[in-house]
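Have a look at the structure below, then the notes.
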Amino acid sequence: MSKRAQAPSPTPSSNAPTPSASTSSLASNPEEAAEKELIEEYLSLHGIENALNVFLNQVVRDRPADPYLVLGGLLQHRATSSKGIFAVSAREIFDANGLPTLLAIVHTSKGRFEGSTSSHTAAIYDTDDATRCRGKGVRSRDLTLYVQHLLEGVDPCEQTSCDEKIASMEDKLGRQACLALSIAICKAGAAHKDVPLFEHIASLADVPIENACVPVPIFSVVQGGVHTSNKLFLQEITVMPIGCASFQDALRWGAELHLALRDLLDAKGVGHANRGAFGGFAPLVNSTEEAIVLVKDAIAKLKDAEPGIAFGLGVHVAAHAFATVSDGEAVYNLDKWVVGSKGLNKAGDEVVDLLREWCRVHQVMTIVDPVDIVDIKVASALNRSENEVLPDAATPPSGVGGDPSVKVQVVGHAFLQHTKLETLHEERACNTILLHVSQ
Numbered sequence: 001m002s003k004r005a006q007a008p009s010p011t012p013s014s015n016a017p018t019p020s021a022s023t024s025s026l027a028s029n030p031e032e033a034a035e036k037e038l039i040e041e042y043l044s045l046h047g048i049e050n051a052l053n054v055f056l057n058q059v060v061r062d063r064p065a066d067p068y069l070v071l072g073g074l075l076q077h078r079a080t081s082s083k084g085i086f087a088v089s090a091r092e093i094f095d096a097n098g099l100p101t102l103l104a105i106v107h108t109s110k111g112r113f114e115g116s117t118s119s120h121t122a123a124i125y126d127t128d129d130a131t132r133c134r135g136k137g138v139r140s141r142d143l144t145l146y147v148q149h150l151l152e153g154v155d156p157c158e159q160t161s162c163d164e165k166i167a168s169m170e171d172k173l174g175r176q177a178c179l180a181l182s183i184a185i186c187k188a189g190a191a192h193k194d195v196p197l198f199e200h201i202a203s204l205a206d207v208p209i210e211n212a213c214v215p216v217p218i219f220s221v222v223q224g225g226v227h228t229s230n231k232l233f234l235q236e237i238t239v240m241p242i243g244c245a246s247f248q249d250a251l252r253w254g255a256e257l258h259l260a261l262r263d264l265l266d267a268k269g270v271g272h273a274n275r276g277a278f279g280g281f282a283p284l285v286n287s288t289e290e291a292i293v294l295v296k297d298a299i300a301k302l303k304d305a306e307p308g309i310a311f312g313l314g315v316h317v318a319a320h321a322f323a324t325v326s327d328g329e330a331v332y333n334l335d336k337w338v339v340g341s342k343g344l345n346k347a348g349d350e351v352v353d354l355l356r357e358w359c360r361v362h363q364v365m366t367i368v369d370p371v372d373i374v375d376i377k378v379a380s381a382l383n384r385s386e387n388e389v390l391p392d393a394a395t396p397p398s399g400v401g402g403d404p405s406v407k408v409q410v411v412g413h414a415f416l417q418h419t420k421l422e423t424l425h426e427e428r429a430c431n432t433i434l435l436h437v438s439q
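Last residue of the sequence shown: 439 in UniProt numbering, with the numbers rising by one and none dropped.
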């Protein structure tokens, strides 16, 4: 069916009388508007409209001899499975990139729960309208068509069982829809357990709640490379607040740093406070070193105002973006995005030497994708040298990310798209991974 059957709703006939002044005032009555809002809230809470649409679709598709008998049976089944999932549905939304993605919706007795993921996650596009959004429109109708019968009545607390059913339909739905639906079910499971979402996820992973901790937020404050139109060869400069009492406190200091950096960039003149593709600043500076110093100056301003605050500095190099690989060897052009430049080519060892200098001079503690995957042994050398504990060290390092053996996080991200995790482990090419759920 190209169009979904909808629950019937009364429509005025062509000879219906024109509303009078009295009926118009009645329609704008605050009490009537409040009653309408309560009705809509009730329908949404119990998923009634969506359930009726699903049942009508099924009846129209199967065309039984006695549609009312079938509808009655479906409603009876819904009533007896009230502890599980009532219905699933979806609609197209747009993410921060201005591209379509899927919003999955799960209805249970506890309410309505939603999940979505980035437009970059693999999806099955709507081939019926290839002109919409440059062919990247998503097929929201498929979620109900293929998954409704699999999940109806299933306990949303049984995440593994639900995920197995969803994964069995990945070839028809696409990974984007599967992940969005899994997220929605996870939220529903937490509500049915009456616990916070993080506590529910910890229980799914068999992690004792006393061992659970909220991750430290990482803020992308300066952007370069493919995300901007400036000269910076690396993709991002990041900061993470250290020693905050709560996530809210860390979020507040991330915002404070953003404002402090904005003041410094505004003082440099027009264009320095430009934005990158993902919200960080894209200053018109002449070198990456200059950008790092600006971020450190902003941190210093905050420390003057609040002596107890501290930030960790990181760089997302994304070296594969400015590397040229030939015969298994990579050459890195640090001037790739400098207009008119003849190039500033470096070998992998030279790039790593620069990163070591930043660790020493600027106390960089996180490095993401320092080189291309063909230089995996160069990455291994960086990981070893920056995390070596000297025998005569007066005090042992406190460690980054809760690991006392880590002084600098060497993070594999794009690495995982080209090699297996086991290989990274064997080569000791990194001590941390940046893993997307969609991977």
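The C-beta atom is built at its ideal place from N, Cα and C for all residues, glycine as well. Only a predicted model underlies this, so the values are computations on that prediction, with no experimental measurement involved.
- Non-local C-beta neighbours of S118 in its own chain, meaning closer than 7 Å and more than five positions away in sequence, comprise D95 and T101, ordered along the chain.
- Within the DSSP secondary-structure output, A310 pairs in a beta bridge with I242.
- DSSP places H149 outside any beta strand (DSSP E); the residue lies instead in the alpha helix (DSSP H), whose first and last residues are R141 to L151.
- A residue is called buried once 16 or more other Cβ atoms fall within 10 Å of its Cβ, and N50 is buried on that count.
- For V195, the secondary structure class from DSSP, reduced to helix, strand or coil, is coil.
- Per DSSP, the continuous alpha helix (DSSP H) segment holding R252 begins and ends at F247 to A267.
- Of K231, I292, E426 and K165, the smallest CA-CA separation from W337 is found for K231.
- Relative to the Cα of R141, the nearest Cα in the group K110, I124 and S89 belongs to S89.
- Straight across, the Cα-Cα distance linking H316 with L435 is about 14 Å.
- With a beta-carbon spacing of about 5 Å, A184 and A104 fall inside the 8 Å limit used to define contacts.
- According to the DSSP assignment, N333 belongs to no alpha helix (DSSP H) but to the beta strand (DSSP E) extending over E329 to N333.
- Per DSSP, the unbroken beta strand (DSSP E) holding Q223 starts and ends at F219 to Q223.
- For E290, the enclosing alpha helix (DSSP H) stretches over residues T288 to A305.
- Residue burial is scored here from C-beta neighbours: L261 has at least 16 other C-beta atoms within 10 angstroms and is therefore classed as buried.
- Contact check between the segment 207-216 and the segment 164-180: fewer than three CB pairs, one atom from each, fall below 8 Å, which does not count as touching.
- Each residue's CA atom was taken as its position, placing I373 and E422 some 14 Å apart.
- Residue pairing by DSSP places G47 in no beta bridge whatsoever.
- For the set V207, L173, A167 and D155, the Cα lying nearest the Cα of K193 is the one of D155.
- Under the criterion of beta carbons closer than 8 Å, V368 and V352 do not qualify as touching, at roughly 14 Å.
- By the C-beta density criterion, D66 is exposed, having fewer than 16 other C-beta atoms within 10 angstroms.
- By the criterion of a C-beta distance shorter than 6 Å, A202 is surrounded in its chain by I209 and A212, once the five residues flanking it on both sides are discounted.
- Look at H107 here: in three-state DSSP terms it is strand.
- The beta carbons of F113 and K165 sit no closer together than 8 Å.
- Here DSSP, grouped into helix, strand and coil, assigns A87 to strand.
- Ranking F281, W253 and G254 by CA distance to the CA of S229 puts F281 first.
- In this structure, the beta-carbon distance from L302 to L257 falls below 8 Å.
- R275 has F281 as its beta-bridge partners, per DSSP.
- Counting the other CB atoms within 10 Å of its CB gives E386 a total of 16 or more, which places it among the buried residues.
- Close CB contacts of G312 within its chain, under the 6 Å cut and outside five residues either way in sequence, are with M240, I242 and M365 (chain order).
- The beta carbon of R275 is closer than 7 Å to those of F281 and A282 in its chain, skipping five residues each way along the sequence.
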